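Numbering (our numbering), first residue to last: 109 to 212.
Take a look at the structure set out below.
Here you go:
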């Protein structure tokens, strides 16, 4: 894993969860329209995450290898909240058969 940012070698969270947010956040953050899907009248999600086997359309690379988010500066709040080694991170890593990360 990268010492500076372990997320650059992972991407498990981007391929494990639906990334939902209030619809206006996408425009406010400058997310490209094609990177979002409408969930209902109030919520949108990142394209590719509203299914049984989510994989965010903004994720490039191979999970567990080298990855990057193509909209990183514009990512919505759910993406900003997950931290390397927190419970959501480790839940996603387990889903992909990866070892836990310590957030020490």
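Beta carbons are placed, not taken as given, at the ideal position from N, Cα and C, and that holds for glycine.
On a predicted model such as this, the values are computed, not experimentally measured, just so you know.
Assumed close pair residue i, residue j - CB separation to whole angstroms, cut-off 8 Å
i           : j           : result
residue 201 : residue 209 : 7 Å
residue 151 : residue 128 : 5 Å
Proximity to residue i [Cα-Cα], best of the options
i           : options       : result
residue 162 : 211, 126, 199 : 126
residue 149 : 130, 141, 188 : 130
One or two residues paired with residue i in a DSSP bridge
i           : result
residue 180 : Bridge partners of residue 180: none, in fact.
residue 157 : According to DSSP, residue 157 bridges with nothing at all.
residue 169 : 175
residue 146 : 152
Within 8 Å, strictly: CB atoms of residue i and residue j
i           : j           : result
residue 153 : residue 166 : no
residue 158 : residue 168 : no
residue 133 : residue 185 : yes
Neighbourhood of residue i by C-beta, 7 Å cutoff - its chain only, sequence neighbours within 5 removed
i           : result
residue 143 : 154, 155, 165, 166, 179
residue 121 : 190, 196, 197, 200
residue 192 : 114, 115, 209, 211
residue 217 : Given a span of 109 to 212 for the chain in the structure shown, any question on residue 217 remains unanswerable.
residue 187 : 127
Cβ shell of residue i (< 6 Å), same chain only, five flanking positions each side left out
i           : result
residue 119 : 167, 171, 175
residue 182 : 137, 138, 139
residue 173 : none
Chain-order list of residues whose beta-carbon lies under 8 Å from that of residue i (same chain, five-residue window excluded)
i           : result
residue 207 : 201
residue 194 : 211
residue 141 : 134
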